[in-house]
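A.B. asks: Read left to right, the sequence shown gives residues 1 to 145 (the UniProt record's numbering). From the three backbone atoms N, C-alpha and C, an ideal C-beta is built for every residue, glycine too.
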Amino acid sequence: MDGLKSRAHVIVIGATNRPNSIDPALRRFGRFDREIDIGVPDEVGRLEVLRIHTKNMKLAEDVDLERISKDTHGYVGADLAALCTEAALQCIREKMDVIDLEDESIDAEILNSMAVTNEHFQTALGTSNPSALRETVSFLVMFLK
């Protein structure tokens, strides 16, 4: 970056969903002057992101990640991560009445009975919005004013 001592093998990378919100002084030559548009993941990309975020989750047999990837058009990685987290939280909320919060550990039987189901994902989908579409709508509203 401009104004800093040169160091071999050091690369500074920044990421944003809103490059136009970055101060133009930061985007000048010698600073953050290169842009790589990653874009919104397609169905295959969303499936891979879902697999990554559910690899350590116990999923019920009715969970169809391919179906969920079809139902999440416009979702970016952060949206999909939030979706998976919310589905897992739905599962935990269902078991809160049998979990003794005073204990230091949770009974293995309770843990083994917990699996994130398709219903948990559907509930999570009902409470989430794809940020790519949300940003497009807000941009169009601002543009049309």
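Measure the CB-CB distance between L59 and A115 and report whether it falls below 8 Å.
C.D. replies: yes
A.B. asks: Report buried or exposed for H9, applying the criterion of at least 16 other Cβ atoms within 10 angstroms of its Cβ.
C.D. replies: By the 16-neighbour rule on beta-carbons within 10 angstroms, H9 is exposed.
A.B. asks: Count Cβ pairs between the segment 100-120 and the segment 82-90 that sit closer than 8 Å; are there 3 or more?
C.D. replies: yes
A.B. asks: Indicate the three-state DSSP secondary structure (helix, strand or coil) for V63 in the structure shown.
C.D. replies: coil
A.B. asks: Let me know the secondary structure DSSP gives V44 once reduced to three states.
C.D. replies: helix
A.B. asks: Quick one: any contact between the segment 102-111 and the segment 66-85, if contact means 3 or more CB pairs under 8 Å?
C.D. replies: no
A.B. asks: Pull the bridge partners of V98 from the DSSP assignment, please.
C.D. replies: Bridge partners of V98: none, in fact.
A.B. asks: Count the CB pairs spanning the segment 59-71 and the segment 23-38 that are closer than 8 Å, and state whether there are at least three.
C.D. replies: no
A.B. asks: Helix or strand or just coil, what does DSSP make of V49?
C.D. replies: helix
A.B. asks: Should A108 be labelled buried (16 or more other beta-carbon atoms within 10 Å of its own) or exposed?
C.D. replies: exposed
A.B. asks: Per DSSP, V116 forms a beta bridge with which residues?
C.D. replies: According to DSSP, which records beta bridges pairwise, V116 is partnered with L59.
A.B. asks: Report, in whole angstroms, the separation of the C-beta atoms of P130 and T72, which I expect to be a contact under 8 Å.
C.D. replies: 7 Å
A.B. asks: State the Cα-Cα distance for the pair G39 and T123, rounded to the nearest angstrom.
C.D. replies: 27 Å
A.B. asks: Assuming P41 and V98 form a contact by the criterion Cβ under 8 Å, report the distance between their Cβ atoms to the nearest whole angstrom.
C.D. replies: About 37 Å; that fails the 8 Å criterion.
A.B. asks: Tell me, to the nearest whole angstrom, how far the beta carbon of L50 is from that of L80; I am working on the premise that it is less than 8 Å.
C.D. replies: 6 Å
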